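In my numbering, the protein residues as written are -13 to 66.
Cβ atoms here follow ideal geometry from the backbone N, Cα and C, with glycine treated the same way.
Predicted model only: the values in this text are computed from it and were never measured.
The next block holds one structure in the form of structure tokens; read it before the comments.
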């Protein structure tokens, strides 16, 4: 049996066993992959929140007369 056919046959065998009323075999692949997916999702959420906060902060600064600049951007003369 080739390595390519081993996994599909194991999966089919597991599915047939479940249909016969046996417990499904444990798939450790999910235990390895799920933490990485959760971490990647957390990073994406934090990046979206950071971007939203930056946009809101920049919008507030522009309303008060600040120009877009890096750190230490100064307001125009006469602005508070």
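Minimum C-alpha distance to residue i - residue among the options
| i | options | result |
| --- | --- | --- |
| residue 9 | 16, -1, 18 | -1 |
| residue 15 | -7, 34, 36, 2 | -7 |
- Message: I'd like the ranges of any alpha helix (DSSP H) spanning at least 4 consecutive residues and lying wholly in the segment 11 to 37.
- Response: Runs of the alpha helix (DSSP H) inside the segment 11 to 37: none found.
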